[in-house]
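*Asks:* Sharing a structure here in structure tokens format.
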Amino acid sequence: MGASVDGDGVNFAVFSAHATAVELCLYDDAGQVESTRLPLPERTGDVWHGWLPGAGAGLVYGLRAHGPWAPRQGQRFNPHKLLLDPWARETVGSFAWSELHRGHDGHDPLRADARDNGMLALKARVVDDRFDWGDDRAPRTPWADSVLYEAHVRGFSMLHPTVPEALRGTYAGLATNAAIDHLRRLGITALSLLPVHRFLDEERLVGMGLHNYWGYNSLSFFCPEPRYASAATQGGRAVRDEFRHMVRRLHAAGIEVILDVVYNHSAETDEAGPTLSWRGLDNASYYLLRGDDPRFYENHTGCGNTFNLTHPRVLQMVLDSLRYWVQHMHVDGFRFDLATVLGRGPQGFDRQAAFFACLAQDPVLAGCKLIAEPWDIGPGGYQLGHFPGGWVEWNDRFRDTARGFWLRGEGHRGDLAQRLCGSADSFRQPGRAPTASLNYVVSHDGFTLRDLVSYDQRHNRANGEDNRDGHAHNLSWNCGAEGETADPAVRALRGRLQRALLALLLLAQGTPMLAAGDEMGHTQGGNNNPYCQDNPITWIDWSARDEALIDFCAALVHLRRRLQPLGPHWYDDASAESPQGLRWLRPDGQPLQGSDWAQIPERALMLHIGQPGHGNGPLLMLLNAAADAAPFQLPPGHWQRLMDSAGAPEHWTAVAATAGSVPVAARSLQLWQLVKEP
Numbered sequence: 000m001g002a003s004v005d006g007d008g009v010n011f012a013v014f015s016a017h018a019t020a021v022e023l024c025l026y027d028d029a030g031q032v033e034s035t036r037l038p039l040p041e042r043t044g045d046v047w048h049g050w051l052p053g054a055g056a057g058l059v060y061g062l063r064a065h066g067p068w069a070p071r072q073g074q075r076f077n078p079h080k081l082l083l084d085p086w087a088r089e090t091v092g093s094f095a096w097s098e099l100h101r102g103h104d105g106h107d108p109l110r111a112d113a114r115d116n117g118m119l120a121l122k123a124r125v126v127d128d129r130f131d132w133g134d135d136r137a138p139r140t141p142w143a144d145s146v147l148y149e150a151h152v153r154g155f156s157m158l159h160p161t162v163p164e165a166l167r168g169t170y171a172g173l174a175t176n177a178a179i180d181h182l183r184r185l186g187i188t189a190l191s192l193l194p195v196h197r198f199l200d201e202e203r204l205v206g207m208g209l210h211n212y213w214g215y216n217s218l219s220f221f222c223p224e225p226r227y228a229s230a231a232t233q234g235g236r237a238v239r240d241e242f243r244h245m246v247r248r249l250h251a252a253g254i255e256v257i258l259d260v261v262y263n264h265s266a267e268t269d270e271a272g273p274t275l276s277w278r279g280l281d282n283a284s285y286y287l288l289r290g291d292d293p294r295f296y297e298n299h300t301g302c303g304n305t306f307n308l309t310h311p312r313v314l315q316m317v318l319d320s321l322r323y324w325v326q327h328m329h330v331d332g333f334r335f336d337l338a339t340v341l342g343r344g345p346q347g348f349d350r351q352a353a354f355f356a357c358l359a360q361d362p363v364l365a366g367c368k369l370i371a372e373p374w375d376i377g378p379g380g381y382q383l384g385h386f387p388g389g390w391v392e393w394n395d396r397f398r399d400t401a402r403g404f405w406l407r408g409e410g411h412r413g414d415l416a417q418r419l420c421g422s423a424d425s426f427r428q429p430g431r432a433p434t435a436s437l438n439y440v441v442s443h444d445g446f447t448l449r450d451l452v453s454y455d456q457r458h459n460r461a462n463g464e465d466n467r468d469g470h471a472h473n474l475s476w477n478c479g480a481e482g483e484t485a486d487p488a489v490r491a492l493r494g495r496l497q498r499a500l501l502a503l504l505l506l507a508q509g510t511p512m513l514a515a516g517d518e519m520g521h522t523q524g525g526n527n528n529p530y531c532q533d534n535p536i537t538w539i540d541w542s543a544r545d546e547a548l549i550d551f552c553a554a555l556v557h558l559r560r561r562l563q564p565l566g567p568h569w570y571d572d573a574s575a576e577s578p579q580g581l582r583w584l585r586p587d588g589q590p591l592q593g594s595d596w597a598q599i600p601e602r603a604l605m606l607h608i609g610q611p612g613h614g615n616g617p618l619l620m621l622l623n624a625a626a627d628a629a630p631f632q633l634p635p636g637h638w639q640r641l642m643d644s645a646g647a648p649e650h651w652t653a654v655a656a657t658a659g660s661v662p663v664a665a666r667s668l669q670l671w672q673l674v675k676e677p
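For the sequence shown, numbering that gives the first Met the number 0 begins at 0 and goes up steadily by one.
Shown next as structure tokens:
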């Protein structure tokens, strides 16, 4: 599909089940002047195709599709609108919003607009995609050893003082020694990048003088976003090669690259949106339309439209895109935005849907890291724990339980125990390991870790929606002062809570994910929905980084990777038959049982791990989320403290004890190891 160099010519192929004709429009190198318009002469099934002799890489083109303009029947063909090839490997031009992009008349949405947008439309370029990868090898880190770091290409290095100014905010910036050294200092194994597919700024945001910062508004699934490339002015080949150099450098450092991908909707939005590609090629095939009125779209995404992955050609587009990024760009995995959409069929979500079956058997994709955001906003959209074996899922229950228990005094010890042990209530199923739970306390969506303990309320007025956007239920706590403060007691408490939440995340069973900047105290000034803030609100301020917090986080990551306190296998509670399981204890050393689990005021518990990962000796985790310090009674034996979230790493191992009582500071965690049996 798309355009491919074939001998001494180029073959073009485009899908449309309902078109009556498809034209190939050739343009000058800048994409400004149309030179030739040719009909695609052949149709095989629903694929229109033709071979252009003498053509080669560098040719610029667009498409025009003829067919019925019948919105009431779901058809929106309009040959006056130049369309971007859905399989385009490179886009040409800069997109500017104009009424000319709308397929419908501005006064009558049931009538087609007869104005031509060819000069303004984005075009595609035929590419030669060869690249010398040298000795590049994927790290292939097992899930059990993986620690993810969710980052934004631009925001990570835009303010980094030792990244060359020309490379800040770019793929090349992420490939610098300064960026890689920080990731290696932390012990990160995988960089999970927010969307890098070519995307558009929404018309509404442009009118407000804002930009789409996160990038969840895709227009081309085969093209890296050019605004993230220092070489963008040199053309698309330079952009692709810069991305590849980044991947190669990260791989050499042992770091995998995972892409956040948005195959659930497109930048064409709802029925009032522009006609840019899929809508004009075959609206009724590419999108899910409302059965009662096909003028309108099923909006399971909240973004105006929803791709129809039950259609074989739409499914092919997604699979071709995924294979392209693995085979030609060498990425190691994907995080699927609103992934429930991808498994939707006529009866709702189906874990045996064609999309999942195709991935499972695909020799290129089956071995990739596959991560689901396991929800959408459609009926039955929340599907945590229901994805197939081999998938890992963002676990918002871990996030909410951790926040509620440590910051708000909500939930009970039983809730915390479930989240600490891989959320077995959701994931303990045949073929699934505890690593299927991707644990996080903070992601790109919401407060940063520092803001989580600094604000009770969202502060989103910069977004231009009168502070109505973003989550109102954040389970945050400002520790007694809203926002920044000089009060030393409040600042100390905030630091204590940040360290406790990081310790909980990195010691828990499952796959941990850090949000970029949380390891250094990054703040967004209380904005918990900065999707449109491409500015210092979101850019990490390296000049204000908290070096002590970075050291703390790095020590935790390395402790986790060395010990695997809770290994990648399911545990049973310890018993006479299974003494190596888990024992849950009260601070006084007595077993937690019955009503102990559900006593909401109780904020302290102890976990004895009889057989931790990597064959280490028994471990003991002491958790005190209460406002006061508490004594914990150690079991018999000689114990060595390995970690104390209330103190700096250099003091962690300074304490040893033989049974007896040890103090655990308020709102802190400790990890101990048995070094000598009683």
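Ideal Cβ positions, reconstructed from N, Cα and C, are used throughout, including at glycine.
At the 8 Å Cβ level, is Asp424 part of the contact set with chain D, yes or no?
*Replies:* Looking at the structure shown, chain D is missing, and only one protein chain is on hand.
*Asks:* What are the start and end residues of each continuous beta strand (DSSP E) run of 3 or more residues lying completely inside the segment 241-316, in chain order?
*Replies:* Listed in chain order, they are 255-260.
*Asks:* Strictly by DSSP, which residues pair up with Val91?
*Replies:* The partner list for Val91 (beta bridge, DSSP) reads Lys122.
*Asks:* Terminal residues of the continuous alpha helix (DSSP H) containing Glu546?
*Replies:* 546-562 is the extent of the alpha helix (DSSP H) around Glu546.
*Asks:* Alpha carbon to alpha carbon, what distance is there between Thr522 and Thr537?
*Replies:* Rounded to the nearest angstrom, the two C-alpha atoms are 8 Å apart.
*Asks:* Confirm, please, whether the CB-CB distance from Trp405 to Leu500 is below 8 Å.
*Replies:* Taking 8 Å as the Cβ cut-off, Leu500 and Trp405 qualify as a contacting pair.
*Asks:* Between the Cα of Gly1 and those of Glu224, Pro564, Ala56, His17, spot the shortest distance and give me the residue it belongs to.
*Replies:* Nearest option by C-alpha distance: Ala56.
*Asks:* With a cut-off of 8 Å on the beta carbons, I'd call Leu81 and Gly53 a contact; round off their distance for me.
*Replies:* With 8 Å as the limit, Leu81 and Gly53 do not qualify as a contact, their Cβ atoms being about 23 Å apart.
*Asks:* Measure the alpha-carbon distance for Gln18 versus Tyr262 and round it to whole angstroms.
*Replies:* A quick correction: the sequence has Ala, not Gln, at residue 18. Approximately 23 Å, taken between the alpha carbons.
*Asks:* Measure the C-alpha to C-alpha separation of Asp424 and Ser145 and round it to an integer number of angstroms.
*Replies:* Going from the Cα of Asp424 to the Cα of Ser145 covers about 22 Å.
*Asks:* Just the Cα atoms here: how many angstroms apart are Phe295 and Gly430?
*Replies:* Taking the straight line from one Cα to the other gives about 40 Å.
*Asks:* Is the separation between the beta-carbon of Val9 and that of Leu83 shorter than 8 Å?
*Replies:* The answer is no: Cβ separation not under 8 Å.
*Asks:* Quick one: is Asp107 buried, meaning 16 or more other Cβ sit within 10 Å of its Cβ, or exposed?
*Replies:* Answer is exposed; the Cβ neighbour count stays below 16.
*Asks:* Can Glu706 and His196 be called in contact, C-beta distance under 8 Å?
*Replies:* Limits of the chain in this structure are 0 at one end and 677 at the other, which puts residue 706 out of reach.
*Asks:* Which residues in the same chain have their Cβ closer than 7 Å to the Cβ of Gly524, if we skip the five residues on either side of it in sequence?
*Replies:* These residues qualify, in order along the chain: His458, Ile536.
*Asks:* State the Cα-Cα distance for the pair Ala111 and His48, rounded to the nearest angstrom.
*Replies:* Between Ala111 and His48, the C-alpha separation is close to 26 Å.
*Asks:* Within 10 angstroms of its Cβ, does Ala575 collect 16 or more other Cβ (buried), or is it exposed?
*Replies:* Low confidence applies here, because Ala575 scores a pLDDT of 49, under 50, leaving its location unreliable; read the following figure in that light. Classification for Ala575: exposed.
*Asks:* Using 8 Å as the threshold, is the C-beta distance between Ser320 and Ala266 below it?
*Replies:* Their beta carbons are not under 8 Å apart, which means Ser320 does not touch Ala266 by this criterion.
*Asks:* Enumerate, from N- to C-terminal direction, the unbroken alpha helix (DSSP H) stretches of 4 or more residues contained entirely within the segment 369-412.
*Replies:* Listed in chain order, they are 395-402.
*Asks:* Going by DSSP, what residue range makes up the beta strand (DSSP E) through Gly61?
*Replies:* 59-65 is the extent of the beta strand (DSSP E) around Gly61.
*Asks:* Going by DSSP in three states, Ala491 sits in which element: helix, strand or coil?
*Replies:* Helix at Ala491.
*Asks:* Return the chain-ordered list of same chain residues with a C-beta closer than 7 Å to the C-beta of Asp200, the five sequence neighbours on each side being excluded.
*Replies:* Excluding sequence neighbours, Asp200 sits near His210, Asn211.
*Asks:* If you count every other CB in all the chains shown that lies within 10 Å of the CB of Gly593, and 16 or more means buried, which is it?
*Replies:* Exposed, by the Cβ-count rule.
*Asks:* As a quick exercise: from Tyr227, Ile257, Glu483, Ser97, pick the residue whose alpha carbon is nearest that of Ala137.
*Replies:* Looking at the Cα atoms, Ile257 is the closest of the given residues.
*Asks:* Quick one: what's got a C-beta closer than 8 Å to Arg289's C-beta in the same chain, skipping five residues either side?
*Replies:* So the qualifying residues of the chain are Phe295, Tyr296, Glu297.
*Asks:* Secondary structure at Ile536, three-state DSSP: helix, strand or coil?
*Replies:* Reduced to three states, the DSSP call for Ile536 is coil.
*Asks:* Would the segment 155-170 and the segment 442-451 be scored as touching if the rule is three or more Cβ pairs under 8 Å?
*Replies:* No, the segment 155-170 does not touch the segment 442-451.
*Asks:* Within the same chain, show all residues whose beta-carbon is closer than 6 Å to that of Gly509, passing over the 5 residues directly before and after it, in chain order.
*Replies:* Excluding positions up to five away in sequence, the list reads Gly421, Pro433, Ser436, Asn438.
*Asks:* Tell me which residues share the same chain as Ala628 and place their Cβ nearer than 6 Å to its Cβ, disregarding the 5 neighbours each side in the sequence.
*Replies:* Pro662, Ala664, Ala665.
*Asks:* For Gly379, count neighbouring C-beta atoms within 10 Å of its own C-beta (all shown protein chains included) and say buried if the count is 16 or more, exposed if not.
*Replies:* Gly379 comes out exposed.
*Asks:* Where does Glu676 land, buried or exposed, given buried means 16+ other C-beta within 10 angstroms?
*Replies:* Flag for Glu676 reads exposed.
*Asks:* Does the segment 31-41 come into contact with the segment 335-348, if we say contact requires no fewer than three beta-carbon pairs (one atom in each stretch) closer than 8 Å?
*Replies:* In short, these stretches do not touch, since the Cβ pair count stays below three.
*Asks:* Using only alpha-carbon positions, find the residue among Asn394, Glu255, Ala230, Gly612 that is nearest to Lys368.
*Replies:* Considering only alpha carbons, the answer is Glu255.
*Asks:* Between Phe333 and Cys302, what straight-line distance do the alpha-carbon atoms span, to the nearest angstrom?
*Replies:* Going by the C-alpha atoms only, they are around 21 Å apart.
*Asks:* If you reduce the DSSP assignment to three classes, tell me which class His613 lands in.
*Replies:* Helix, per DSSP.
*Asks:* Could you give the first and the last residue of the continuous beta strand (DSSP E) run that contains Tyr26?
*Replies:* That run of the beta strand (DSSP E) goes 20-26.
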